[in-house]
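In my numbering, the protein residues as written are 132 to 426. Glycine included, C-beta positions come from ideal geometry on N, C-alpha and C. To keep things clear, I will list the structure first and then write my remarks on it.
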Ligand SMILES: Nc1nc2c(ncn2[C@@H]2O[C@H](COP(=O)(O)OP(=O)(O)OP(=O)(O)O)[C@@H](O)[C@H]2O)c(=O)[nH]1
Ligand SMILES: [Mg+2]
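Dropping the structure here:
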């Protein structure tokens, strides 16, 4: 008999939710960067073992939104919590419950949602800090389990998966056995380019970028992709391109390598940079970039 469960990964930005998702499914389905607010959409990661299928939903980090895109991101995370069997709250060992975490916990209470607490990045903290963090969260909510782990090297992820088993219920799988995500390859390719922007550029600029795939052609064992990078200011465009095109070249090379790995084929990647002022506050633009804005 097949069993399945829907599980939300929630938490503030930058705690390692997407890293954990990738670690669970064993491949990169969600982009990761050092900068907060990397994830913008809900991302599905599917883990199937024997008769059991776990559908994990990675979400944008919960934060106080300052743009319409931010509103969309927080709404996405919040709505995801409405449709799952249980949640995993991912935190870092901060020794106290933060405002954002307290709000998420309130939501668990309102929805009578079961939750597991994951204390991530244990490779960076002392055991005493972990113990204090556990004590603080124990006092705030009755988590079904508390699991310290390291999403980056995978240590503790097996324990988390074993803990998730109790929530499985009998029911037909929604996805094929060999599927690890429901995102189309084009969407992942655009995300990979956005990841390289986040990793290459300073602070604010990459947060104002969006990537669209304009062309995708396969011929003679080569995939040719034309992608457009949108940024918010003419000056940002100059920075993205760099001196004599050096920056955009680096971004393109790194993105192409990752896309080739994903598709297991040779790739030609052509990148264009365009300016669309204040697109993060335009409902029209953000839905055009694939961030639905229903309001
Ligand atoms: N040292 C260490 N770093 C980690 C670990 N897990 C994630 N990171 C790093 O933390 C940063 C943020 O990781 P993400 O997975 O993008 O975090 P996120 O929670 O998805 O962030 P948003 O999408 O912005 O909400 C990256 O630089 C990761 O490499 C870990 O277990 N140990
Ligand atoms: Mg993320």
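Where the alpha helix (DSSP H) containing residue 325 begins and where it ends:
What you label residue 325 is simply residue 194 of the chain shown in a count that begins at 1. Under the DSSP assignment, residue 325 falls in the alpha helix (DSSP H) whose first and last residues are 316–331.
According to DSSP, is residue 391 part of a helix, a strand, or is it coil?
For the purposes of this step, residue 391 is identified with residue 260 of the chain shown, where counting begins at 1. Note: residue 391 maps to helix in three-state DSSP.
Check whether residue 190 and residue 169 have beta carbons under 8 Å apart:
Taking the chain shown and counting its residues from 1, the one referred to as residue 190 is at position 59. Taking the chain shown and counting its residues from 1, the one referred to as residue 169 is at position 38. Contact check for residue 190 against residue 169 fails: the beta carbons are separated by 8 Å or more.
Please classify residue 433: is it buried, with 16 or more other beta-carbons within 10 angstroms of its beta-carbon, or exposed?
Because the chain in this structure spans residues 132 to 426, residue 433 falls outside the shown range and cannot be described.
Near residue 365, which residues of its chain fall below 8 Å by C-beta distance, leaving aside the five closest residues on each side in sequence?
Stepping through the chain shown from its first residue, residue 365 is reached at position 234. The beta carbon of residue 365 sits closer than 8 Å to the beta carbons of 406 from its chain, once the five residues preceding and following it are set aside; these are given in chain order.
Grab me the residues of residue 159's own chain with a C-beta within less than 6 Å of its C-beta, minus the 5 sequence neighbours each way, in chain order.
Here residue 159 refers to the residue found at position 28 when the chain shown is read from its first residue. Cβ neighbours of residue 159 beyond the five flanking positions: 153.
Going by the beta-carbon positions, is the gap between residue 358 and residue 378 smaller than 8 Å?
Taking the first residue of the chain shown as 1, we reach residue 358 at position 227. Taking the first residue of the chain shown as 1, we reach residue 378 at position 247. Their beta carbons are not under 8 Å apart, which means residue 358 does not touch residue 378 by this criterion.
Would you list the residues sitting across from residue 355 in a DSSP beta bridge?
Position 224 of the chain shown, counted from the start, is the residue given in the question as residue 355. Its beta-bridge partners are 348, 399.
Would you check whether ligand 1 has a heavy atom nearer than 7 Å to the C-beta of residue 222?
The residue you call residue 222 lines up with position 91 of the chain shown. Answer for residue 222: no, Cβ out of range of ligand 1.
Name, in chain order, the residues that DSSP records as bridge partners for residue 176.
Your numbering for residue 176 matches position 45 in the chain shown. Within the DSSP bridge table, the entry for residue 176 names 187 as partners.
Hey, could you find the ends of the alpha helix (DSSP H) residue 337 is sitting in?
Indexing the chain shown from 1 puts residue 337 at position 206. Element bounds for residue 337: 335–338.
For residue 312, tell me which candidate among 150, 395, 161, 243 has the shortest Cα-Cα distance.
Start at 1 with the first residue of the chain shown, and residue 312 comes out as number 181. Scanning 150, 395, 161, 243 for the CA closest to the CA of residue 312 turns up 161.
Am I right that residue 186 and residue 198 are in contact with their C-beta atoms under 8 Å? What's the rounded C-beta distance?
Here residue 186 is taken as the residue at index 55 of the chain shown, counted from 1. Here residue 198 is taken as the residue at index 67 of the chain shown, counted from 1. Not confirmed; about 29 Å, so no contact.
Cβ shell of residue 208 (< 7 Å), same chain only, five flanking positions each side left out:
Sequence index remark: in the chain shown, residue 208 carries index 77 (1-based). Result list for residue 208: 141, 190, 191, 193, in chain order.
Quick check for students: name the residue ranges of the beta strand (DSSP E) that lie wholly in the segment 242–310, counting only runs of 3 or more.
List check, beta strand (DSSP E) in window: 246–251, 276–279.
Of the residues 147, 277, 307, 340, the one placed nearest residue 323, counting alpha carbons only
In the chain shown, counting from the first residue as 1, residue 323 sits at position 192. Nearest of 147, 277, 307, 340 to residue 323, Cα basis: 340.
Run the proximity test for residue 161: is its beta-carbon closer than 7 Å to any non-hydrogen atom belonging to ligand 2?
Position 30 of the chain shown holds residue 161. Ligand 2 has a heavy atom closer than 7 Å to the beta-carbon of residue 161.
Taking 7 Å as the cut-off, does the CB of residue 170 come closer than this to any heavy atom belonging to ligand 2?
Along the chain shown, read from residue 1 onward, the residue named residue 170 stands at position 39. The answer is yes for residue 170.
Residue 415 (DSSP reduced to helix, strand or coil):
By one-based count along the chain shown, residue 415 stands at place 284. If DSSP states are grouped into helix, strand and coil, residue 415 belongs with the helices.
Any non-hydrogen atom of ligand 1 within 7 Å of residue 144 CB:
Residue 144 sits at position 13 when you count from the first residue of the chain shown. Under cutoff, so the answer is yes.
Option in 373, 400, 306 with minimal Cα separation from residue 349:
Locating residue 349 in the chain shown gives position 218, where the first residue counts as 1. Residue 400 is the option with its Cα nearest to residue 349.
Looking at residue 146 and residue 253, is the spacing between their C-beta atoms short of 8 Å?
What you label residue 253 is simply residue 122 of the chain shown in a count that begins at 1. What you label residue 146 is simply residue 15 of the chain shown in a count that begins at 1. The Cβ-Cβ distance between residue 253 and residue 146 does not fall below 8 Å.
Can you look up residue 233 in the DSSP assignment and give me helix, strand or coil?
Start at 1 with the first residue of the chain shown, and residue 233 comes out as number 102. It is helical.
According to the Cβ coordinates, are residue 224 and residue 179 closer than 8 Å?
As a position in the chain shown, residue 224 is number 93, starting the count at 1. As a position in the chain shown, residue 179 is number 48, starting the count at 1. No; because the gap between Cβ atoms is not below 8 Å, this pair is not in contact.
Test item: CB-CB of residue 236 and residue 271 under 8 Å
Residue mapping note: residue 236 aligns to position 105 of the chain shown, counting from 1. Residue mapping note: residue 271 aligns to position 140 of the chain shown, counting from 1. With a cutoff of 8 Å on beta-carbon distance, residue 236 and residue 271 are scored as near each other.
Quick check: what's the CA-CA separation for residue 144 versus residue 329?
Taking the first residue of the chain shown as position 1, residue 144 is located at position 13. Taking the first residue of the chain shown as position 1, residue 329 is located at position 198. Distance between the alpha carbons of residue 144 and residue 329: 14 Å.
Would you kindly check if the distance between the Cβ of residue 397 and the Cβ of residue 388 is under 8 Å?
Residue mapping note: residue 388 aligns to position 257 of the chain shown, counting from 1. Residue mapping note: residue 397 aligns to position 266 of the chain shown, counting from 1. With a cutoff of 8 Å on beta-carbon distance, residue 388 and residue 397 are scored as not near each other.
Under a Cβ-count criterion, where at least 16 other Cβ atoms within 10 Å of its own Cβ denotes burial, should residue 108 be classed as buried or exposed?
An answer regarding residue 108 cannot be provided, because it is not within the stretch 132 to 426 covered by the chain.
So, with DSSP's three-state summary, where would you put residue 426?
By 1-based counting over the chain shown, the position of residue 426 is 295. The pLDDT assigned to residue 426 is 48, lower than 50, so where the model puts this residue is not dependable, and the model offers no usable value.
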